[in-house]
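Asks: My structure is below; once you've seen it, I'll send some questions.
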Amino acid sequence: MLEASPRMAAYDDFAWFYDRYWNEEFHAAAFPILERILLPRLGPRAHLLDVCCGSGYLAGLLTERGYRVTGFDASPEMVRLACARAPEARFEVAEAASFRTRAKFDAAVSTFDSLNHILDPAALAEAFRRVAAALKPGAPFAFDILLEAAYRTDWAENFTIVRDDHVLVISGSGFDFRSRLAHCRITTFRKSAGHWRRGDTEVVERCYESGEIDGMLRDAGFRDTVCYDARDFGMAGQIGEGRVFYVACGR
Ligand SMILES: C[S@@+](CC[C@H](N)C(=O)[O-])C[C@H]1O[C@@H](n2cnc3c(N)ncnc32)[C@H](O)[C@@H]1O
Numbered sequence: 044m045l046e047a048s049p050r051m052a053a054y055d056d057f058a059w060f061y062d063r064y065w066n067e068e069f070h071a072a073a074f075p076i077l078e079r080i081l082l083p084r085l086g087p088r089a090h091l092l093d094v095c096c097g098s099g100y101l102a103g104l105l106t107e108r109g110y111r112v113t114g115f116d117a118s119p120e121m122v123r124l125a126c127a128r129a130p131e132a133r134f135e136v137a138e139a140a141s142f143r144t145r146a147k148f149d150a151a152v153s154t155f156d157s158l159n160h161i162l163d164p165a166a167l168a169e170a171f172r173r174v175a176a177a178l179k180p181g182a183p184f185a186f187d188i189l190l191e192a193a194y195r196t197d198w199a200e201n202f203t204i205v206r207d208d209h210v211l212v213i214s215g216s217g218f219d220f221r222s223r224l225a226h227c228r229i230t231t232f233r234k235s236a237g238h239w240r241r242g243d244t245e246v247v248e249r250c251y252e253s254g255e256i257d258g259m260l261r262d263a264g265f266r267d268t269v270c271y272d273a274r275d276f277g278m279a280g281q282i283g284e285g286r287v288f289y290v291a292c293g294r
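Under the working numbering, the sequence shown has 244 at position 201, and the numbering climbs by one with no breaks.
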């Protein structure tokens, strides 16, 4: 149903670590926000499209509550983990700016600054158009996105995890105000069958301005757009800094 992504994605090498160390902490803070701004708008068996679904943690929370979920992500490895984590949901490998679907969804969702990973503004605008086209009339799209305040903090501060069979090092992160790009270098080592395997990932995010996002949503046909500061919903600490949640309704 959805278009396959032909190339290896940035998160492939990092997927196992992401799934283990990032999911729970983020969604413990983000899911209660979706429970306030999105889920009350949905019927009990609503069908949601999870855009850039990662390793399926959110899809798992949603299917546990009886929702139907179709998710897609550019990373085949993230999608493989998602299939294992949320077997009741459907997942595909696809790019946000080129996915296609015949189904019409009751809602769409995209979490954990996934949309900041789309570096070309034209591609983000196209992703919004495709999400709008995938929604039933008036259906909501909820997503979070980081604004400049997030990148002015220690957005991806250097840190290291060392365990007997895996090591993760985050280093070399930083935000360039001219290009509006934030870079974060991640080196991983994982021991399997007695051998260590090294992975190198560079996560790059683009900082969009709220006026740009509003304009792209409008041009894609979204209306009744509301933007919430994550901190007003209790998302404390660095994870909530500069993060906003949008809800916009399809045409
Ligand atoms: C920070 S993770 C968030 C994953 C998930 N939404 C969550 O809340 O846990 C960002 C995800 O976006 C995916 N991604 C980045 N660029 C993408 C694109 N252009 N199309 C589809 N997925 C993309 C990555 O592969 C990664 O899984």
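The beta-carbon is built from N, C-alpha and C at its ideal position, and this holds for glycine as well.
Note that the coordinates shown come from a computational prediction; the quantities given were computed from them, not determined experimentally.
Would a check of beta-carbon distances place Gly264 closer than 9 Å to chain B?
Replies: No chain B appears in the structure shown, which is made up of a single protein chain.
Asks: Would you decide whether Thr203 is buried or exposed? Buried here means 16 or more other CB atoms lie within 10 Å of its CB.
Replies: Exposed, since its Cβ has fewer than 16 Cβ neighbours within 10 Å.
Asks: List the endpoints of the continuous alpha helix (DSSP H) containing Phe57.
Replies: Where Phe57 is concerned, there is no enclosing alpha helix (DSSP H), given that its DSSP letter is neither H nor E.
Asks: For the beta strand (DSSP E) containing Tyr289, name the first residue and the last one.
Replies: Residues 286–292.
Asks: Regarding Tyr100 and ligand 1, is the C-beta to nearest heavy atom distance less than 8 Å?
Replies: Flag set: Cβ of Tyr100 near ligand 1.
Asks: Taking the alpha-carbon positions, what's the Ile181 to Leu92 distance?
Replies: It should be pointed out that residue 181 corresponds to Gly in this sequence rather than to Ile. One C-alpha to the other measures close to 15 Å.
Asks: Tell me whether Tyr54 is buried or exposed, calling it buried when 16 or more other Cβ atoms sit within 10 Å of its Cβ.
Replies: Classification of Tyr54: buried, given that the 10 Å Cβ count is 16 or more.
Asks: Return the chain-ordered ranges of every alpha helix (DSSP H) run that is complete within the segment 80–107 and spans a minimum of 4 residues.
Replies: Whole alpha helix (DSSP H) segments, 4+ residues: 100–107.
Asks: Less than 7 Å between C-beta atoms, sequence neighbours within five positions excluded: which residues of the same chain meet that for Leu260?
Replies: Cβ within range, chain order: Phe171, Thr268, Ala291.
Asks: For Arg241 and Phe57, I'd like the C-alpha separation in whole angstroms.
Replies: Using only the alpha carbons, I get a separation of about 10 Å.
Asks: Helix, strand or coil: how does DSSP classify Glu67 here?
Replies: Three-state DSSP puts Glu67 in a helix.
Asks: Is the beta carbon of Ile213 sitting closer than 9 Å to the one on Ile229?
Replies: Their beta carbons are under 9 Å apart, which means Ile213 touches Ile229 by this criterion.
Asks: Quick one: residues in its chain with C-beta nearer than 7 Å to the C-beta of Trp198, no 5 flanking neighbours on either side, listed in chain order?
Replies: Excluding positions up to five away in sequence, the list reads Ser216, Phe218, Ala225.
Asks: Spell out a yes or no on whether the segment 101–113 and the segment 82–90 are touching, meaning 3 or more CB-CB pairs, one atom from each, closer than 8 Å.
Replies: Taking 8 Å as the limit for Cβ pairs, the verdict is that the segment 82–90 does touch the segment 101–113.
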